[in-house]
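Our numbering puts the first residue of the sequence shown at 366, with every later residue one more than the last.
So the structure is just underneath, and the comments pick up after that.
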Amino acid sequence: MFVILVYDVEEKRVAKVLKKCREYLTWVQNSVFEGDITEANLKKLQMELNRIIKKEADSVIIYKFNSLKYSSREVMGLDKNPQNSII
């Protein structure tokens with residue numbers, strides 16, 4: 366499946382969340398990741414992020430796509446992480 370993950374966490378946890386997300390997904394821009402991931406690895410990532418974040422102060426949102434048939438990716442302004450493939 367393809368996912369887009371966005372997060373908003375307190376500054377003291379940003380580096381840990383960033384590092385963990387980079388293990389599984391491609392960094393797109395500040396607080397945004399995307400990429401193909403298996404269901405098992407997504408569950409693993411979610412469990413690992415649950416250990417890092419504070420649920421009363423932080424948020425992580427994961428958009429899941431089973432098919433990219435009707436999607437496209439458009440960047441307005443600076444593309445911080447240019448990619449050859451599009452969503």
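We put the CB at the ideal spot given by N, CA and C, even for glycine.
Helix, strand or coil at GLN394 [DSSP, three-state] | strand
So does the stretch 373–390 actually touch the stretch 421–437, counting three or more Cβ pairs closer than 8 angstroms?
-> yes
Cβ-based neighbour list, LEU414, same chain, cut-off 7 angstroms, excluding 5 preceding and 5 following = VAL382, LYS385 and VAL425
Could you tell me the distance, in whole angstroms, from the CA atom of LEU390 to the CA atom of GLY442?
-> 22 angstroms
When DSSP builds the beta bridges, which residues end up paired with TYR372?
-> VAL425
Simplified DSSP state of GLU458, which is helix, strand or coil | One cannot answer for residue 458 here, as it falls past the ends of the chain, which runs 366 to 452.
Express the C-alpha separation of TYR428 and ILE402 in angstroms, rounding to a whole number.
-> 12 angstroms
Do SER436 and PHE430 have their C-beta atoms closer together than 8 angstroms?
-> yes
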